[in-house]
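**Student:**
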Amino acid sequence: MKLNPSDIPEVAMPFMQQTHLEEVAMLNELYTLFDRLGEGEDVPQLAGKLEALAEHTHAHFAREEEKMLELDFPPYPMHKQAHDEYLAGFDALLDAWRASGDVAPLADFLQHSTPDWMQQHIGCMDFVTARFFAMSEGG
Ligand SMILES: [Fe+2]
Ligand SMILES: [Fe+2]
Numbered sequence: 000m001k002l003n004p005s006d007i008p009e010v011a012m013p014f015m016q017q018t019h020l021e022e023v024a025m026l027n028e029l030y031t032l033f034d035r036l037g038e039g040e041d042v043p044q045l046a047g048k049l050e051a052l053a054e055h056t057h058a059h060f061a062r063e064e065e066k067m068l069e070l071d072f073p074p075y076p077m078h079k080q081a082h083d084e085y086l087a088g089f090d091a092l093l094d095a096w097r098a099s100g101d102v103a104p105l106a107d108f109l110q111h112s113t114p115d116w117m118q119q120h121i122g123c124m125d126f127v128t129a130r131f132f133a134m135s136e137g138g
């Protein structure tokens with residue numbers, strides 16, 4: 000299954016929108032690799048793509064958080080907590096995969112939990128946050 004970029008609610012801040020679409024593209028690439036792995040193929044590029052997604056996701060959340068702090072966005076703690084909860088799950092599965100080499104639980108999380116989480120988080124917290132950013136900047 001693939002994520003359709005149009006399933007991801009559009010937000011009013013270009014840097015956020017851009018980051019979300021990059022993440023959708025990275026996830027879709029990974030889904031293709033998981034399928035090929037499931038068919039018994041060797042996919043040596045998988046580890047690099049997973050590490051790249053981990054890095055991208057951390058940078059994505061950090062940039063939103065920096066900007067919320069910079070602009071004194073009152074619901075910052077709630078938004079930050081949502082990021083931290085997602086990362087706690089993601090990072091634990093990344094560590095388990097790095098230690099064991101078994102990618103199945105991480106693949107399951109990225110394919111079955113992440114799309115719903117992203118749609119919900121972006122449609123709710125990011126949507127409101129982006130409007131606040133845009134208004135604060137007169138945009
Ligand atoms: Fe976001
Ligand atoms: Fe966010």
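Position 51, counted from 1, in the sequence shown is what numbering that gives the first Met the number 0 calls 50; the numbers after and before it change by one each time, with no gaps.
All C-beta atoms, glycine included, are put in the ideal place defined by N, C-alpha and C.
Quick caveat, the model's predicted, so the values are computed rather than measured.
Beta-carbon separation of P8 and L20 under 8 Å?
**Tutor:** Here residue 8 is taken as the residue at index 9 of the sequence shown, counted from 1. Here residue 20 is taken as the residue at index 21 of the sequence shown, counted from 1. No, Cβ-Cβ distance for P8 and L20 is not below 8 Å.
**Student:** I need the straight-line Cα distance from K48 to M25, nearest angstrom please.
**Tutor:** One-based indexing of the sequence shown puts residue 48 at position 49. One-based indexing of the sequence shown puts residue 25 at position 26. When rounded, the separation of the alpha-carbon atoms in K48 and M25 is 8 Å.
**Student:** Within the present structure, is the beta-carbon of F132 separated from the nearest heavy atom of ligand 2 by less than 7 Å?
**Tutor:** Residue numbering aside, residue 132 sits at position 133 when the sequence shown is read from its first letter. For ligand 2, not one heavy atom lies less than 7 Å from the Cβ of F132.
**Student:** What do you get for H182, buried or exposed, if any count of 16 or more other CB atoms within 10 angstroms of its CB means buried?
**Tutor:** Shown here, the chain extends from 0 to 138; a query on residue 182 therefore has no answer.
**Student:** With C-beta atoms as the reference, is S135 less than 8 Å away from L70?
**Tutor:** Mapped onto the sequence shown, residue 135 falls at position 136. Mapped onto the sequence shown, residue 70 falls at position 71. With contacts defined by Cβ atoms closer than 8 Å, S135 and L70 form a contacting pair.
**Student:** Between Q16, D41, A91 and L109, which lies nearest to E63 when the distance is taken from Cα to Cα?
**Tutor:** One-based indexing of the sequence shown puts residue 63 at position 64. Here the closest residue by C-alpha is Q16.
**Student:** For my contact list, A81 and H120 are in at a C-beta cut-off of 8 Å; report their separation, rounded to the angstrom.
**Tutor:** As a working mapping, residue 81 is identified with position 82 in the sequence shown. As a working mapping, residue 120 is identified with position 121 in the sequence shown. Their Cβ separation, rounded to whole angstroms, is 6 Å, which keeps A81 and H120 in contact under 8 Å.
**Student:** Could you check where the alpha helix (DSSP H) with D101 kicks off and where it finishes?
**Tutor:** If you number the sequence shown from 1, residue 101 lands on position 102. Premise fails: D101 is in no alpha helix (DSSP H) and is neither H nor E.
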